[in-house]
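-12 is the number of the first residue of the sequence shown in the numbering used here; add one for each residue after it. Note that CB positions come from ideal geometry on N, CA and C, so glycine has one too. Below is one structure, written out as structure tokens; the observations come after it.
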Amino acid sequence: MSDHYRKLENAYLLAPINAFYKPSISVGEAKATISIALRQELWHAAFAVHGSVYFKMLDDAAFFAANSLVEDRFVLTASFNIYLTRPVAEGTIRSEGTVTSRSRRLILAEARLFDDQDREIGRGSGSFMPSRIPLGPDIGYRLSSEGDA
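Written out as structure tokens, the structure is:
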């Protein structure tokens, strides 16, 4: 297991927004998987999960698949398109991101979102670019044993 992947996972889990979502993450070479247990706080007025949760899950999985290939810089989402194909209200959802293409300055990745019966409920694709932000302990990019995790 690569320290780079574990440090990316830790940075993700330490991001303040994820205190609300409570996700789990696994990063590998050119891939990432993220899961969250659904709860009513994530619903829209019609009692199903809000589309912003779909976007977050898809973008995050594609983003970390892309960042798995960049070991010195934080990548940024340049564009992202999503398709919401099935509503869901309960259970656990899982997004799986994979890199589809890479050049020196641009990484293309896609992600698929599944319910806990392995039915696809959404998909997306985006472009990602290395930023000027270095990967370092100040953004949580460290091993759990090196700080608070």
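Simplified DSSP state of isoleucine 4, which is helix, strand or coil: As a position in the sequence shown, residue 4 is number 17, starting the count at 1. Coil at isoleucine 4, not helix or strand.
At least three beta-carbon pairs within less than 8 angstroms, the segment 64 to 74 to the segment -1 to 17: no
CA nearest to the CA of alanine 49, picked from Arg(-7), Glu97, Ile126, Glu107: Residue 49 sits at position 62 when you count from the first residue of the sequence shown. With distances taken between Cα atoms, alanine 49 lies closest to Glu97.
The segment 105 to 125 touching the segment 56 to 64, judged by at least three CB pairs closer than 8 angstroms: yes
Candidates Asp59, Ala76, Arg92, Ser131, of which the one nearest alanine 33 by Cα: As a first step, residue 33 must be located in the sequence shown, where it is residue number 46. Among Asp59, Ala76, Arg92, Ser131, the Cα nearest to that of alanine 33 is on Ala76.
Selection from Arg110, Arg91, Val57 that minimises the alpha carbon distance to glutamate 83: By 1-based counting over the sequence shown, the position of residue 83 is 96. Among Arg110, Arg91, Val57, the Cα nearest to that of glutamate 83 belongs to Arg110.
Beta-carbon proximity list for isoleucine 12, same chain, < 6 angstroms, skipping 5 on both sides: Here residue 12 is taken as the residue at index 25 of the sequence shown, counted from 1. Only Glu(-4), Tyr(-1), Ile21 meet the Cβ criterion.
Span of the alpha helix (DSSP H) around alanine 52: Counting from one through the sequence shown, the residue named residue 52 turns up at place 65. It spans 38 to 54 - the alpha helix (DSSP H) in which alanine 52 sits, taken as one unbroken run.
Rounded C-alpha distance that separates leucine 122 from threonine 87: What you label residue 122 is simply residue 135 of the sequence shown in a count that begins at 1. What you label residue 87 is simply residue 100 of the sequence shown in a count that begins at 1. Near 23 angstroms, if we compare the C-alpha coordinates of threonine 87 and leucine 122.
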